[in-house]
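Chains as they are written, first to last, in the working numbering: chain E, 1 to 282; chain R, 283 to 564; chain F, 565 to 846; chain D, 847 to 1128.
For reference, the structure is listed below as structure tokens.
Protein chains: 4
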Amino acid sequence: MAITHLKLSCPDRVGLLAALSGFMARFGGNLVEVHQFTDNLHRWFFTRMEIESLQVDLETLRAAFEPLAKELGAEWTLRSAEARRKMIVLVSKQGHCLADLLWRWRSGELACDIPCVISNHEDYRAFVEREGLEFRHIPIDSKDKAAGFEQMAAIFREQSPDLVVLARYMQVLPAAFCAEFHGKILNIHHSFLPSFVGANPYQRAYERGVKLIGATCHYATAELDAGPIIDQEVTRIEHFHSPDDLVRIGRDCERLALARGVRWSLSDRVLLYGNRAVVFRH
Amino acid sequence: MAITHLKLSCPDRVGLLAALSGFMARFGGNLVEVHQFTDNLHRWFFTRMEIESLQVDLETLRAAFEPLAKELGAEWTLRSAEARRKMIVLVSKQGHCLADLLWRWRSGELACDIPCVISNHEDYRAFVEREGLEFRHIPIDSKDKAAGFEQMAAIFREQSPDLVVLARYMQVLPAAFCAEFHGKILNIHHSFLPSFVGANPYQRAYERGVKLIGATCHYATAELDAGPIIDQEVTRIEHFHSPDDLVRIGRDCERLALARGVRWSLSDRVLLYGNRAVVFRH
Amino acid sequence: MAITHLKLSCPDRVGLLAALSGFMARFGGNLVEVHQFTDNLHRWFFTRMEIESLQVDLETLRAAFEPLAKELGAEWTLRSAEARRKMIVLVSKQGHCLADLLWRWRSGELACDIPCVISNHEDYRAFVEREGLEFRHIPIDSKDKAAGFEQMAAIFREQSPDLVVLARYMQVLPAAFCAEFHGKILNIHHSFLPSFVGANPYQRAYERGVKLIGATCHYATAELDAGPIIDQEVTRIEHFHSPDDLVRIGRDCERLALARGVRWSLSDRVLLYGNRAVVFRH
Amino acid sequence: MAITHLKLSCPDRVGLLAALSGFMARFGGNLVEVHQFTDNLHRWFFTRMEIESLQVDLETLRAAFEPLAKELGAEWTLRSAEARRKMIVLVSKQGHCLADLLWRWRSGELACDIPCVISNHEDYRAFVEREGLEFRHIPIDSKDKAAGFEQMAAIFREQSPDLVVLARYMQVLPAAFCAEFHGKILNIHHSFLPSFVGANPYQRAYERGVKLIGATCHYATAELDAGPIIDQEVTRIEHFHSPDDLVRIGRDCERLALARGVRWSLSDRVLLYGNRAVVFRH
């Protein structure tokens, strides 16, 4: 049966859930999954609803919802669960996250279309193309980085992806680029943030002598590795693990944290506000 | 500000959440935390709401709610968050769970009154009494177990505790006893259920050579270690850990799983149905 | 620099480590990693050594070691770390473990050769062949299972693999088959053993209402899912996860537990005794 | 049977383990547990041995070992496992770690004597004294911190504790104090280091929006929260957890990480070198 997703945030007030669930009920909607969260500090309300058995089409529903949302001062989306999301993946020379995402996509875990995979290197062309996907090589010239990112932005503007995934894409994105695609770019950082922001986190984790390493899936913002965190994963290490061991072991953390972040983002489970993320996990 | 908890389950149908949240809104109630779950297999609906700023007292609210609940065919409770729950703790000769619960209780993590601690042994009398709590010694005679449990049941009937916690209480409860206090008796079993039901789970875990051990917090039913599971906790072990090591390491799993189960039960976060538990965690 | 692995178990007695490390020192061997474990209950000694800078070749070393090992009543192997292990992978219709293993193998995490991948179905032929590996389809006829397993045994006898990995191979192996290849066949079971031995563990985990699910990597023996456990992995689930969700979430546990078990087996880190496994993890 | 612990580190060279295990064998010593680690980067060797059935007393053994240790350029200790360690605990106004340690000590998990508990506040006097332990109140005057620490140092000099545990002791130690008792002072920091060094880590974790919080057990050095890490523990949090929730949930991480760190330190399982810790876990 067709499922519709409502994702909404607005200032808190009495009767919000009643208004929203009442609205859906008037159109025959049955709420099969509802999440609600109120940030008491900022008096802000967040919800996600999965609605089935609606008696109207999505366009009609959206039009009917518009005045209510306006009155509430809400940010919101209403989408069909079945509508395919569009995801573009960026990769550099470490392919484990790319491989993991493509396997999950192929096996049906990630419901989306992938218009292309973009890389600043040629290493994964064959790997991507044998999946029947388009591979775009966009070199980033260290003397003129803007050119490469402008080329990339043009693709994004044309494709309007729901999600851009930095699957160990090792270039710092220009601030304007982050701003233009704000809330669309999901990164996996290979440390337990805010520990080890920036380059070589495994080497630095080794030097600090930590006993757990991790990975962080977060939305990219202009400030490096400082955007809203969606998920984190850690694993125990010991004194006998070399920096190379950390790189190897950490890959499993990266894969898991990124895959969950992608899945939740694609299924309308992530709401950003300020530098925090509400994640209605499943 | 006063907070009220609604806990409710009923057959699923369109408009349930609208009806419930609308009801609360009519009494000025603001929903600060809402959990909802629909079991699609059984078409059954579960919710828990934290409601503030209600303009009526609890008795009036309950009376007004009664007809709606009846119409929905609902099981429900409406309770003040501030009303103190009553918890009775049972212990035998292993005191780590008792000590942990009393520490959490003393420090304010567990909002409840403890009318007494009951044991089939005298070991923890001084420990309990120095906390200013009543200690009741009820021996269980192996030739006439019924007598001890009848004495205990009398206390329960008099005290009407919201929760009875078996904090490593090492006697099997009679079936009639479980039936009478169904949904009130929380047990901690020192294995990862359904592995190692019954006696000596750590020894058996050692013999099986498992690489993780755990503990399970569940509601007691007539069938041993088979009641609805609230929480489980595991920890990694290795070949060099002896059965005694497992006992020692496992204690931390037991403490954590039991403490969470108690906390969630006391704060109206657990709904039992059949042999499953909906746990609206926090 | 060349590294040699000694793996040895024998009855415990005074001076064992001195004898073994002294032996290696006489040949110029430097011990870069040593693990030792004594099972005090059975007075049995286990060790694994990584030795570098040996001044003799492996054949000479083995010949010199033979009399000492005999005197100790030891089971042992001495192998070059660089010598490629041979691993055969078996798969049925669930390909996630196969895909994970091949990715790790391709990326250098698993140092071995893979003479072939065997399946009772044709589903993964293309997937395997595009990795440049041989795919062998050996159907298992439900009316004459012995024929298929005899064909498989012939391959094993010819190839002498160090390890046979059941990567979600969904056929029960005949007892004689398990006996012939004892200590060579590594299985991944999709539950936290000994919970849910046998078929449909996720469905049964759902029905029992557990709050953690897991996977177990163990050596196959004649008794189903009862062989020595190498590693286990768990992950938290909640009441809202359907049996299908458990299948999806559990795949990550399976991948991780199997990959570690394979890696440790290939690098001579697993010593079986009775139904237990000493795993000198790294 | 009497057990002796050897803890030793020295420059790596061929034959080290042979020399050490040979030495013990000459005195009839049976090695019941041996750990060895070689840091290949710095060519440094670390070992810990549990030795039983030695035919000489500890003084004789130490005297015999002295020349060998000197030749190896080793740092080492040889101690009887049965000899009681001395541990002094420091606490301020958060008592959960203190309570946890005292419970474990009382139940036999931590084999040590506790000459006194020291606090800059009076809050836990009754709690400590009812355990039969001495409570010392040493106020830290914000205008003359040196005076309080000098008083404390005098106690340490008199008592020569093997371990001083900062069980949520909320004063920064003077550098000279850290230097004098280097390698003796174990701290629990309430964050996953190196994230959130310094004050209010839970509040800052909340503001950063992390999805896991943790605690770190480390040796105190002059630089705040930068000493060698012994153990870390994390737990998952969600968007709905307030800073107060993090404080509550984090306490369990603190208790576990500190208890393990104390246990390993007391049983000669921790070897510090530079800013790293070799921890031969059990």
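Every residue, glycine too, gets a C-beta built ideally from N, C-alpha and C.
Remember, it's a predicted structure, so these values are computed and weren't measured experimentally.
Provide the residue(s) that pair with residue i in DSSP beta bridges, ordered along the chain.
i               : result
A277 of chain E : E:L272
S938 of chain D : Partner(s): none; S938 of chain D has no beta bridge.
I614 of chain R : Because residue 614 of chain R is not part of the residues shown, which for chain R are 283 to 564, the question remains open.
P575 of chain F : F:W608
V316 of chain R : R:M331
A215 of chain E : E:E233
L6 of chain E   : E:M49, E:L78
F309 of chain R : Answer is none; F309 of chain R lacks a bridge partner.
C676 of chain F : F:R649
L117 of chain E : Per the sequence shown, the amino acid found at residue 117 of chain E is Val instead of Leu. In DSSP, V117 of chain E forms a bridge with E:V89, E:F135.
D39 of chain E  : E:W44
D705 of chain F : F:D708
Give the residues of chain F in contact with residue i, contact being defined as C-beta atoms less than 9 Å apart.
i               : result
W103 of chain E : G659, H660, A663, D664, W667
So residue i contacts chain R; which residues on that side make the cut at Cβ distance below 7 Å?
i                : result
D1098 of chain D : L538
What residues of chain E sit near residue i, judged by a beta carbon separation below 7 Å?
i               : result
L601 of chain R : A question about residue 601 of chain R goes unanswered here, because the residues of chain R that appear run from 283 up to 564.
R812 of chain F : E109
Anything in chain R within Cβ reach of residue i, meaning under 8 Å, just list it in chain order.
i                : result
R1054 of chain D : Chain R residues near R1054 of chain D: none, gap ~21 Å exceeds 8 Å.
R976 of chain D  : R412
D795 of chain F  : K493
Give the interface partners of residue i over in chain F, defined as CB-CB distance under 8 Å, in chain order.
i               : result
H282 of chain E : F804, H805, D809
P510 of chain R : G773
I think residue i touches residue j, with their Cβ atoms under 8 Å apart; what is that distance to the nearest whole Å?
i               : j               : result
V774 of chain F : Q514 of chain R : 7 Å
A356 of chain R : S291 of chain R : 7 Å
R263 of chain E : L110 of chain E : 6 Å
C962 of chain D : E980 of chain D : 4 Å
A167 of chain E : V234 of chain E : Actually they do not touch by this definition, with Cβ atoms about 20 Å apart.
G308 of chain E : C253 of chain E : Outside the shown range of chain E, which is 1 to 282, sits residue 308 of chain E, and nothing can be said about it.
A502 of chain R : I467 of chain R : 4 Å
E52 of chain E  : I3 of chain E   : 5 Å
For residue i, go through chain D and note every residue whose CB falls closer than 8 Å to its CB, in chain order.
i              : result
I88 of chain E : Simply none; closest approach about 25 Å.
List, in chain order, every chain F residue whose beta-carbon is nearer than 7 Å to that of residue i.
i               : result
V560 of chain R : H803
V516 of chain R : L776, V798
Compare the C-beta of residue i with all C-beta atoms of chain B and state if any pair is closer than 8 Å.
i               : result
L548 of chain R : Considering every chain present, this structure includes no chain B. Its protein chains are E, R, F and D.
* Asked: Would the segment 828-839 of chain F and the segment 856-872 of chain D be scored as touching if the rule is three or more Cβ pairs under 8 Å?
  -> no
* Asked: the segment 884-899 of chain D: which residues have C-beta closer than 8 Å to a C-beta of chain F, in chain order?
  -> Residues T884, N886, S899.
* Can you list, in chain order, the residues of the segment 949-971 of chain D whose Cβ is nearer than 8 Å to any Cβ on chain R? -> Answer set for the segment 949-971 of chain D: W949, S953, E955.
* Asked: How do the segment 739-750 of chain F and the segment 475-494 of chain R stand: do at least 3 beta-carbon pairs fall below 8 Å, yes or no?
  -> no
* Taking a cut of 7 Å between CB atoms, which residues from the segment 1003-1034 of chain D lie near chain E? -> none
* Asked: Between the segment 265-276 of chain E and chain D, which residues of the former have CB atoms less than 7 Å from a CB of the latter, in chain order?
  -> Those residues of the segment 265-276 of chain E placed with their C-beta closer than 7 Å to a C-beta in chain D are N275, R276, ordered along the chain.
* To do: For the segment 570-600 of chain F, enumerate the residues whose C-beta is nearer than 9 Å to any C-beta of chain D, in chain order.
  => D576, R577, V578, G579, L580, L581, A582, A583, L584, S585, G586, F587, M588, A589, R590, G592, G593, N594, L595, V596, E597, V598, H599, Q600
* What residues in the segment 1033-1047 of chain D have a beta carbon less than 9 Å from any beta carbon of chain E? -> Listed by position, the residues of the segment 1033-1047 of chain D near chain E (Cβ gap below 9 Å) are F1038, L1039, P1040, S1041, F1042.
* Interfacial residues, the segment 983-997 of chain D to chain E, with Cβ spacing under 7 Å -> none
* Decide if the segment 364-371 of chain R is in contact with the segment 399-419 of chain R; the criterion is three or more beta carbon pairs, one per stretch, under 8 Å apart. => yes
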